[in-house]
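Asker:
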Amino acid sequence: MTPRIPLFGKIFLGFWLVTIVVFASWLLTSRYFDSGPDRGAVEHRSKEPPQRFILQMVYELQNLDEAELQPLLARASAKHDVDIFLLDEGEVDILGRAVPDKVSAVARKLRPPRRRAFLRTGGEHLFAQQIYRPDHGMLRAVFVFRPSRHQFLRLLGSNLWLRTGLTILISGVICYLLSRLLTNRIKTLQAASRQLATGHLDTRLRVRERGGDETDELARDFNSMAQQLQERIGAQKRLLTDVSHELRSPLARLRIALALAQEKPEKLPDYLQRMERETERLEALIDQLLRSQGEALELDSHIDLVALLRQLCDDANFEGAAQGKRLLLQHDFPQAMVESSGDLLHKSFENILRNALAHTREHTEVNVSITGDRDSYQVCVTDHGGGIPEQELDKIFEAFYRTDVARSRDTGGFGLGLAIARRAILRHGGQVSAVNTKTGLAVTVTLPRNRPPQEA
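Taking the numbering used here, I'd label the letters of the sequence shown as residues 1 to 456.
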C-alpha cells in the first residue's frame, strides 16, 4: 500500500527540496567555474589564448621525444578541446596528419620578425608560435581551440546575472509544478461542490477507498455527504407517496364500509360503527406519523398478542376477500401478554400484515403463527409473494426504502410502513427480521414478556 504522506508533509518537503536544489545548483556551478579542475579549459575561451597552458605545451613540444608527442597531443585534445599541429617549412605536419587550410593560413603569418599569430574562424581560436626541436629544427606549432562541449555552462559561469536568472527560473518551475499538484485537488473539489449546489446530486469525486493524504480524506467525506444528501432529498420527495401509503389502509376500509352501507341499508348501524373505528385509527395513524421519531417510550400498558392479531387478521380478511386472499392465524397460547406503549404495537403488526396481504398472490393464504419460550414470543408472518432479492432483506426496514418503485405504485411497497413497524418493535425491546422462504417472504417479530425497552 502506498505510504500516507500528509498534506503538511508534502508542502514542507516540497519547499525544502526547492531550497536544497537552488543552493546545491549555486554551490556546484560556483565550484565548477571558480576552482574546478578544468579551469584551464575555461580560461582559454577568453579573448586571448591561455598563456600558461600554451607555455607549458610549448616547453613539452620542444623537449619530449617524438614518440611521446602523439600521446601528449591526444591528452590535450581530449582534456582541453585543443588540436595541435607541428608544421615544418613546407607546411607538412611532422606526425603525418592532414593539415587544414585554416591551420596553414595562420602558420603563414609567422614571418620574421613575427613569432606569434592569431586567427578566429567558425567559432574556433587559432594560435601559432615558432618552436625549435633538435631533430627537426625550426617548427611552427599551431593550436586550434575548438568550441567547447560545455560552452553554455562556461558562458553561464562567466555571467553572474545569467546564473541568477537560470536559478530563479528553475526554482520557479519546480514551485509552479508543486503548487499545481497541491491545488488541483482543491479546485476539483470546488467544482464538484458547485455542481452539487446546482442540483446535480449524483456528483462524486474519484478517490481511492483508503489511504492518501488529507485531500483524499476530504474527497471521501464529500462523497459521503453527497450520498447522504441525495438519499435524504430523495426520501423527502417520496414523503407524500409514503404518507399516502400509510393512510391508504383505513381509507380503503372506510370506502368499503360506505359502499356496503349503501347496498345494505338495513346494516347501516354496523357499518357506521366500523367507519367510526376506522376514523379513529386514521387519526391515531396521523399522530403516530408525526411522532414516529419522538422520545423514548413508556411501556404503560399490556396487550394480548393473540387478541390483537386475531382482530387484525379479521380486518385484513375483510379487505382481501374480493381477491381471494386470507390470513390464517395459528397459536399455542390462549393469551400472549406483552408490555406496550399506547397503540404502537397495533400499528406495527397492521403494517406487517397488510404488507404480506398486499404482496401475496390471489387466492393464497398468509400464515400468521405465534410461538414462544420462557422469555419471549415470536410472531411469524409468511406470504406467498415470491420473496425479494437477498441483498435487499436488510434494507426493507429502512425508512422510505422500496424494492421496486413501479410495484410500489400498485401495492404500496416497502416504504414507511415497515420502517415504522421496526422502530416501534425495537423501542418495545423486541427484534424484527426477514428471510426468504420457498413460498415468499417471512417476517419474524420477537417481543419480550418482561424486559426494559430499547432505543430504536
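Here a beta-carbon is modelled for each residue, glycine too, at the ideal position from N, C-alpha and C.
From the DSSP output, in three-state form, read off residue 341 for me.
Answerer: coil
Asker: Could you check where the beta strand (DSSP E) with residue 320 kicks off and where it finishes?
Answerer: Premise fails: residue 320 lies in the alpha helix (DSSP H), 305–320, not in any beta strand (DSSP E).
Asker: Please say whether residue 365 and residue 328 have beta carbons closer to each other than 7 angstroms?
Answerer: yes
Asker: Alpha carbon to alpha carbon, how far is residue 209 from residue 202?
Answerer: 18 angstroms
Asker: How is residue 333 classed by DSSP in three states: helix, strand or coil?
Answerer: coil
Asker: Is the beta carbon of residue 223 closer than 7 angstroms to that of residue 205?
Answerer: yes
Asker: Check the DSSP bridge columns for residue 434 and list the partner residues they point to.
Answerer: 443
Asker: How is residue 93 classed by DSSP in three states: helix, strand or coil?
Answerer: strand
Asker: Label residue 63 either buried or exposed according to how many other C-beta atoms from any shown protein chain fall within 10 Å of its C-beta, with 16 as the threshold for buried.
Answerer: exposed
Asker: Indicate whether residue 304 and residue 335 have their beta-carbon atoms separated by less than 7 angstroms.
Answerer: yes
Asker: Starting from the C-beta of residue 433, find all residues in its chain whose C-beta is less than 6 angstroms away, skip the five residues before and the five after it, and write them out in chain order.
Answerer: 444
Asker: Report the option in 200, 272, 429 and 74 whose CA atom is closest to the CA atom of residue 229.
Answerer: 200
Asker: Does residue 333 come within less than 7 angstroms of chain C when only Cβ atoms are used?
Answerer: Among the protein chains of the structure shown there is no chain C, as only one such chain exists.
Asker: In angstroms with no decimal places, state the Cα-to-Cα distance between residue 74 and residue 128.
Answerer: 18 angstroms
Asker: Do you know how far the Cα of residue 213 is from the Cα of residue 194?
Answerer: 23 angstroms
Asker: Using the three-state DSSP reduction, which class does residue 19 fall into: helix, strand or coil?
Answerer: helix
Asker: Using CA atoms only, rank isn't needed, just tell me which of 166, 425, 140 and 219 is closest to residue 191.
Answerer: 219
Asker: Please classify residue 87: is it buried, with 16 or more other beta-carbons within 10 angstroms of its beta-carbon, or exposed?
Answerer: buried
Asker: Is the Cβ-Cβ distance between residue 61 and residue 141 less than 7 angstroms?
Answerer: Closer than 7 angstroms, so yes.
Asker: I need the straight-line Cα distance from residue 67 to residue 21, nearest angstrom please.
Answerer: 48 angstroms
Asker: I'd like to confirm the pairing. Which residues does DSSP put opposite residue 249 in its beta bridges?
Answerer: Answer is none; residue 249 lacks a bridge partner.
Asker: Taking the Cβ atom as the reference point for each residue, do residue 447 and residue 377 lie within a distance shorter than 7 angstroms?
Answerer: Contact flag set, yes.
Asker: Whole angstroms is fine: what's the gap from residue 339's alpha carbon to residue 449's?
Answerer: 7 angstroms
Asker: What is the rounded straight-line gap between the Cα of residue 392 and the Cα of residue 359?
Answerer: 16 angstroms
Asker: For residue 137, which residues does DSSP report across the bridge?
Answerer: 133
Asker: What residue does the alpha helix (DSSP H) around residue 101 start on, and which one ends it?
Answerer: 101–108
Asker: For residue 124, tell me which candidate among 430, 232 and 146 has the shortest Cα-Cα distance.
Answerer: 146
Asker: For residue 354, does the count of other Cβ atoms within 10 angstroms reach 16, so buried, or fall short, so exposed?
Answerer: Result: buried.
Asker: Taking 6 angstroms as the limit between beta carbons, can you name the residues of its chain near residue 83, skipping five residues before and five after?
Answerer: 77 and 144
Asker: Given this structure, state the Cα-to-Cα distance separating residue 272 from residue 418, to the nearest angstrom.
Answerer: 30 angstroms
Asker: Leaving out five residues before and five after residue 437 in sequence, what residues of the same chain have Cβ atoms less than 8 angstroms from its Cβ?
Answerer: 382 and 387
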